[in-house]
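Novice:
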Amino acid sequence: MTTRLNHVFIDTIPDELEEGKLYISTRFRVIMHSCCCGCKNKVVTPLSPARWKMTFNGSSISISPSIGNWNFDCKSHYWIQNSEVEWARKWSENEVAEGKLFEREKREEHFKKINKEKEPTIEDNLKIPNKEQVKQSLLVRIKNIFKNLK
Ligand SMILES: [Zn+2]
């Protein structure tokens, strides 16, 4: 069982994960590590406003919320705070179901929010006339000027 983690910032995803090490890729917005229980399963933690967030204080790493490996046989559950592994209770069947639901709702909420923010930009994009339309509207305007002159 790992109680303390080292970390390394990486640009490429490694094939092999050393135990007790957090592999952090800001480029891929992901943290990978070998399950802290020692089962050697690869734990992939995506960083996103709707998933996990990571704090690097210059020397140690904290990840929030907790890491719940309910998809593995070990069903291990722990917090990573200041690079220390704080073991939490194993998930019960109910908690696993609730956890999955909570995560899904949180994600859906997040994407709903994003879509809302995006809507006006899509509208704005539609309002931006392409060059051909600008030319035409210019022509119409010029024609109108001439019409008014007649
Ligand atoms: Zn494990």
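Residue numbers (our numbering): -1 to 148. Using N, Cα and C, we set each Cβ at its ideal position, and we do this for glycine too.
Compute every distance between the C-beta of Asn180 and the non-hydrogen atoms of ligand 1, then say whether any falls below 7 Å.
Specialist: The displayed coordinates of the chain run from -1 to 148. Any statement about residue 180 would go beyond what the structure contains.
Novice: What do you reckon, are the CB atoms on Lys56 and Gly97 nearer than 8 Å?
Specialist: The amino acid occupying residue 56 in the given sequence is Gly; Lys does not appear at that position. No, Cβ-Cβ distance for Gly56 and Gly97 is not below 8 Å.
Novice: Is the stretch 25 to 41 touching the stretch 67 to 77, taking contact as three or more C-beta pairs under 8 Å?
Specialist: Touching, yes.
Novice: Using only alpha-carbon positions, find the residue among Asn80, Ser46, Ile8 and Val83 that is nearest to Met30.
Specialist: Ile8
Novice: Please determine whether the Cβ atom of Ser74 lies at a distance below 7 Å from any heavy atom of ligand 1.
Specialist: yes
Novice: With the cut-off set at 8 Å, would you say Arg105 and Ala48 are in Cβ contact?
Specialist: yes
Novice: Taking Cβ positions, are Tyr21 and Val6 nearer each other than 8 Å?
Specialist: yes
Novice: From Lys116 to Val83, what distance separates their C-alpha atoms?
Specialist: Residue confidence is low: Lys116 scores 49 on pLDDT, short of 50, so the model does not pin down where it sits. Its coordinate-derived value is still stated next. One C-alpha to the other measures close to 38 Å.
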